[in-house]
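S.K.: Residue numbers (this note's numbering), protein chains in the order written: chain V, 44 to 416; chain E, 44 to 416.
Number of protein chains: 2
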Amino acid sequence: MSLETEDQNRLELLLERLQEQTEMFLGYPVAKDFDCRALAPFLELPVNNLGDPFAPSTYQVDTREFEREVVTFAAQLLRAESDSWWGYVTNGGSEGNLYGLYLARELFPQGMVYFSQATHYSVSKNLHLLGLRHIMIRAQPNGEIDYEDLRETLRIHRDLPAIIFANIGTTMTEGKDDIGKIGQIFQELAISQSYIHSDAALCGFIAPFLTPRPAFDFADGADSISISGHKFIGSPIPCGIVLARKRNVDRIARSIAYIGNLDTTITGSRNGLTPLILWLAIKRLGEAGFRSRVVGSLEVAEYARGRLRNIGIDAWSNPNAITVVFPSPSPRICQKWQLAAADGITHLLILPNVSKAQIDRFVADLLTDMRPS
Amino acid sequence: MSLETEDQNRLELLLERLQEQTEMFLGYPVAKDFDCRALAPFLELPVNNLGDPFAPSTYQVDTREFEREVVTFAAQLLRAESDSWWGYVTNGGSEGNLYGLYLARELFPQGMVYFSQATHYSVSKNLHLLGLRHIMIRAQPNGEIDYEDLRETLRIHRDLPAIIFANIGTTMTEGKDDIGKIGQIFQELAISQSYIHSDAALCGFIAPFLTPRPAFDFADGADSISISGHKFIGSPIPCGIVLARKRNVDRIARSIAYIGNLDTTITGSRNGLTPLILWLAIKRLGEAGFRSRVVGSLEVAEYARGRLRNIGIDAWSNPNAITVVFPSPSPRICQKWQLAAADGITHLLILPNVSKAQIDRFVADLLTDMRPS
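1. Classify residue 222 of chain V: buried if its beta carbon has 16 or more other beta carbons within 10 angstroms, exposed otherwise.
2. Are residue 362 of chain V and residue 409 of chain V close, meaning C-beta to C-beta below 8 Å?
3. Would you kindly check if the distance between the Cβ of residue 243 of chain V and the Cβ of residue 264 of chain V is under 8 Å?
4. What's the C-alpha gap between residue 257 of chain V and residue 240 of chain E?
5. Put residue 133 of chain V into one of helix, strand or coil per three-state DSSP.
6. Is it a yes or a no for the stretch 160–173 of chain V touching the stretch 198–215 of chain V, going by three-plus beta-carbon pairs under 8 Å?
7. For residue 58 of chain V, would you say it is in contact with chain E, using Cβ-to-Cβ distances shorter than 8 Å as the test?
8. The stretch 211–243 of chain E: which residues have C-beta closer than 8 Å to a C-beta of chain V, in chain order?
9. Between the Cα of residue 321 of chain V and those of V:53, V:275 and V:91, spot the shortest distance and give me the residue it belongs to.
10. Who are the neighbours of residue 173 of chain V on chain E, taking C-beta pairs under 9 Å?
11. Any Cβ of chain V within less than 8 Å of the Cβ of residue 246 of chain E?
12. In the DSSP assignment, find the beta strand (DSSP E) that holds residue 210 of chain V and state where it starts and stops.
13. Near residue 96 of chain V, what residues of its chain come up, given a Cβ to Cβ distance below 6 Å and the 5 sequence neighbours on each side ignored?
14. Got a sec: which bits of the stretch 71–89 of chain V sit with their beta carbon under 9 Å from any beta carbon on chain E, in order along the chain?
15. Distance check for residue 347 of chain E and residue 402 of chain E, CA to CA, integer angstroms please.
16. Using the Cβ count rule (16 or more neighbours within 10 Å means buried), how would you classify residue 326 of chain V?
17. Between residue 380 of chain V and residue 69 of chain V, how many whole angstroms is the CB-CB distance? I'm expecting something under 8 Å.
18. Quick one: list the residues of chain E neighbouring residue 68 of chain V, beta-carbon separation under 8 Å, in chain order.
19. Please list, in chain order, the chain E residues whose beta carbon lies closer than 8 Å to that of residue 65 of chain V.
20. Whose C-beta lies closer than 8 Å to the C-beta of residue 387 of chain V among residues of the same chain, with five residues either side of it excluded?
21. Would you identify the three-state DSSP class for residue 142 of chain V, choosing helix, strand or coil?
22. Which residues of chain V have a Cβ atom closer than 8 Å to the Cβ of residue 47 of chain E, listed in chain order?
23. I'd like to know whether the C-beta of residue 145 of chain V is nearer than 8 Å to at least one C-beta of chain E.
24. Take residue 356 of chain E as the anchor and find which of E:293, E:405 and E:337 has the nearest alpha-carbon.
25. How about residue 175 of chain V and residue 148 of chain V: do their beta carbons lie closer than 8 Å?
26. From residue 342 of chain V to residue 76 of chain V, what distance separates their C-alpha atoms?
27. Please classify residue 151 of chain V: does DSSP put it in a helix, a strand, or coil?
28. Over the uninterrupted alpha helix (DSSP H) stretch that includes residue 369 of chain E, give me the two end residues.
29. Whole angstroms are fine: how far does the CA of residue 317 of chain E sit from the CA of residue 78 of chain E?
30. Can you tell me the Cα-Cα spacing of residue 396 of chain V and residue 220 of chain V, whole angstroms?
31. Between the alpha carbons of residue 225 of chain V and residue 391 of chain V, how many angstroms are there, rounded?
32. Could you tell me the alpha carbon to alpha carbon distance between residue 304 of chain E and residue 378 of chain V, rounded to whole angstroms?
33. Identify each residue in the stretch 375–407 of chain E for which the Cβ-Cβ distance to at least one residue of chain V is less than 9 Å, and report them in chain order.
34. Hey, would you say residue 248 of chain V sits closer than 8 Å to residue 237 of chain V, going by beta carbons?
35. Please state whether the Cβ-Cβ distance between residue 284 of chain V and residue 270 of chain V is less than 8 Å.
36. Closer than 8 Å by beta-carbon distance: list the chain V residues that pair up with residue 160 of chain E, in chain order.
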């Protein structure tokens with residue numbers, strides 16, 4: 044099984060290209076400062092975390108023990124009551140959102156889903172897949188849901204169970220919906236059948252370290268939470284964590300004789316490498332390490348806003364956000380720095396690997412671009 | 044970001060345990076003879092094959108060029124008409140099945156899904172997720188669908204579009220539904236609205252090399268096909284390929300400004316390492332290599348049946364199958380060799396890495412177990 048020289052060369056060129064492209068990008072919420080070299084030997088084994096990480100399985104080439112530690116760390120950080128939660132490592136934030144909405148549908152098949160217009164496009168896809176009724180709510184200019192529009196819309200549909208898809212950091216502006224306020228609206232309107240899913244893809248490992256702490260987790264009233272692993276932590280493979288109240292998960296569990304397991308995950312055969320990637324990061328960083336990553340990113344984000352404003356660019360951020368929003372520059376700049384643009388705005392994502400020197404280089408490039416030729 | 048000695052030790056122990064467990068198992072459809080060491084450097088990069096592999100994307104740390112080669116290889120092998128198909132590398136066979144059924148539902152929201160009772164449990168989960176009506180059809184003792192039961196059931200529901208979930212190798216006995224026969228039943232009953240999804244998780248890379256060639260692919264009438272990558276090819280990460288007729292996929296494409304991409308995949312953020320894993324295998328093996336893997340596995344499967352029968356165990360296989368079925372031995376044996384048991388039977392999966400010497404060791408262990416103590 045040897046590789047032709049030509050193919051070997053292509054692989055090497057690919058590696059070089061990806062290294063260059065990684066060096067340059069500033070526009071995606073993806074940390075680059077992870078170190079997974081210790082996991083290379085696992086690439087030689089058919090690892091598979093088949094089924095539920097908390098149930099026994101006959102397939103033993105697995106890392107489910109490490110996976111349990113990862114989700115337990117996240118559950119504690121997100122203030123889940125002990126023994127009342129369940130979770131697993133997903134293939135990304137989107138799978139975690141699908142899972143949360145799936146649980147909500149099982150509880151309330153006739154429920155109406157409410158989400159703001161700043162919500163990631165994948166959510167519409169998931170809602171369509173699940174066949175859930177839904178209403179899009181206005182977003183405030185900062186990306187946060189418009190609570191007045193939500194209140195009025197809920198009022199009209201008080202006969203239906205309410206399922207809230209809350210953004211804890213929207214993709215474009217890192218706007219955070221306050222699920223405490225949403226819970227108050229439920230109380231005012233005497234809505235007793237409700238479910239809140241928090242999409243904390245980017246902010247799940249940031250928000251617990253902010254002051255004031257955003258209202259987004261289990262103690263604040265969330266029923267399920269999805270976090271991405273490849274965003275604030277960083278990973279060579281998209282991954283994430285989903286957590287949910289155990290009593291809801293038990294409702295959809297089905298006993299499956301074939302694999303000697305409860306089939307509670309979306310995918311069945313599951314990646315056993317990504318739990319190790321997250322485990323490594325958690326063990327290396329600890330809570331203190333996460334906290335200092337957050338502090339560092341916020342500082343560089345502030346620096347970036349200052350530098351952009353100094354050259355006359357109207358840059359802004361939500362409070363305690365690592366996303367710096369500004370009007371879209373030229374297509375050349377967007378392409379070169381891999382900036383995602385929509386509706387005339389773009390953003391820098393100041394993940395922990397982004398340095399002030401990199402911001403300086405970006406600003407210098409912008410200046411070149413703005414100069415009349 | 045250094046790791047404590049204790050954690051370092053745990054990781055090393057895990058690696059040792061997984062190496063031992065890999066050595067032993069015979070009961071899962073997972074090849075072990077892959078070699079991905081060349082990909083270790085990619086573990087240092089935030090690779091993400093965001094969105095559709097065939098559409099441009101602003102995120103450039105991707106391997107989508109290699110992914111396109113992988114799915115093109117599979118499309119040719121499975122006789123898709125050129126330019127009329129679409130596909131991507133999935134997180135496993137189950138995602139590919141979900142995708143195929145999702146396409147079927149978009150075409151025929153009122154359609155009825157028919158699948159045999161030998162179908163993998165994950166399919167019920169997917170059908171429930173999609174809210175598709177479905178009827179389970181009897182299976183023949185060999186795992187193949189009971190065509191008479193299918194015909195009679197279709198006859199009763201001729202008013203509904205028919206969606207067939209065909210097993211091309213059931214999990215327990217590797218029974219293969221013949222979609223040519225199923226197409227004939229459609230013709231007899233004048234059913235004009237129909238869709239066939241082939242679940243070729245295990246056999247997608249085996250069946251094209253068999254004589255007679257099973258009726259399962261696009262030329263035989265399939266509308267979509269899902270294959271696992273971690274089964275017959277082998278991979279350290281569960282993965283797969285899904286292929287579908289392009290005209291059906293176009294119906295569910297939604298233009299998404301945010302990532303400058305058509306959002307046609309299930310997951311959005313996607314693994315960029317697994318396409319390289321499959322690409323490496325395809326480049327190393329080529330069609331000739333796949334063919335010799337198939338021949339070798341069938342030979343060892345025949346050897347295993349012979350050895351088991353020689354010690355009085357009633358072992359059997361479907362024609363041209365690498366799955367050797369026999370009555371479940373003791374729990375000790377099942378646990379040690381990681382054999383999945385259901386309804387009193389179990390199986391050996393003779394993937395290309397399984398040697399006659401390993402079969403000899405297994406048979407010797409069985410004999411020890413059968414001897415009165």
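Heads up, the beta-carbon is just placed ideally off N, CA and C, and yes, glycines get one too. Being a predicted model, the structure only gives us computed values, none of them experimental.
M.R.: Answer, in terms of the structure:
1. Residue burial annotation: residue 222 of chain V is buried, with at least 16 other C-beta atoms found within 10 angstroms of its C-beta.
2. With contacts defined as CB atoms closer than 8 Å, residue 362 of chain V and residue 409 of chain V fail to qualify as a contacting pair.
3. Result no, Cβ atoms of residue 264 of chain V and residue 243 of chain V do not sit closer than 8 Å.
4. About 46 Å.
5. Of the three classes helix, strand and coil, the one that applies to residue 133 of chain V here is strand, per DSSP.
6. The count of Cβ pairs closer than 8 Å, one atom from the stretch 160–173 of chain V and one from the stretch 198–215 of chain V, reaches three, so the stretches are in contact.
7. Under the 8 Å criterion on CB atoms, residue 58 of chain V is classed as interfacial with respect to chain E.
8. Within the stretch 211–243 of chain E, the residues whose Cβ lies closer than 8 Å to some Cβ of chain V are 214 and 215, listed in chain order.
9. Ranked by how close their Cα comes to the Cα of residue 321 of chain V, the residues V:53, V:275 and V:91 have V:275 in first place.
10. Going along chain E in sequence order, the residues near residue 173 of chain V (Cβ under 9 Å) are 172, 173 and 174.
11. No, its Cβ sits nowhere closer than 8 Å to a Cβ of chain V.
12. From DSSP, the beta strand (DSSP E) with residue 210 of chain V extends over 205–210.
13. Taken in chain order, the residues that qualify are 107, 110, 111 and 131.
14. Hits within the stretch, in order: 71, 73, 74, 75, 76, 77, 78, 79, 80, 81, 82, 83, 84, 85, 86, 87, 88 and 89.
15. Rounded to the nearest angstrom, the gap between the Cα atoms of residue 402 of chain E and residue 347 of chain E is 6 Å.
16. Residue 326 of chain V is buried by the Cβ-count criterion.
17. Contact between residue 380 of chain V and residue 69 of chain V holds, since their C-beta atoms are separated by about 5 Å, short of 8 Å.
18. Proximity of chain E to residue 68 of chain V at the Cβ level (cut-off 8 Å) is accounted for by 102, 103 and 104, in chain order.
19. Ordered by position in chain E, the residues that pass the 8 Å Cβ test against residue 65 of chain V are 88, 89 and 104.
20. Contacts found: 370 and 371.
21. It is helical.
22. Within 8 Å Cβ-Cβ: 326.
23. Yes, contact with chain E.
24. The shortest Cα separation from residue 356 of chain E among E:293, E:405 and E:337 belongs to E:405.
25. Yes, these two residues count as a Cβ contact at 8 Å.
26. The C-alpha of residue 342 of chain V lies about 17 Å from the C-alpha of residue 76 of chain V.
27. Note: residue 151 of chain V maps to coil in three-state DSSP.
28. Careful: residue 369 of chain E lies outside any alpha helix (DSSP H), inside the beta strand (DSSP E) at 366–370.
29. When rounded, the distance between both Cα atoms is 13 Å.
30. Computed Cα separation, rounded: 26 Å.
31. Using only the alpha carbons, I get a separation of about 29 Å.
32. With a pLDDT of 47 at residue 304 of chain E, under the threshold of 50, the modelled position of that residue is not reliable, and the figure given next carries that caveat. Answer to the nearest angstrom: the Cα atoms are 14 Å apart.
33. Only 377, 378, 381, 382, 383, 384, 385 and 386 from the stretch 375–407 of chain E bring a Cβ to less than 9 Å from some Cβ of chain V.
34. It is not a contact, given that the beta carbons lie outside the stated cut-off.
35. It is a contact, given that the beta carbons lie within the stated cut-off.
36. Residues of chain V passing the Cβ test: none, with the nearest at roughly 13 Å.
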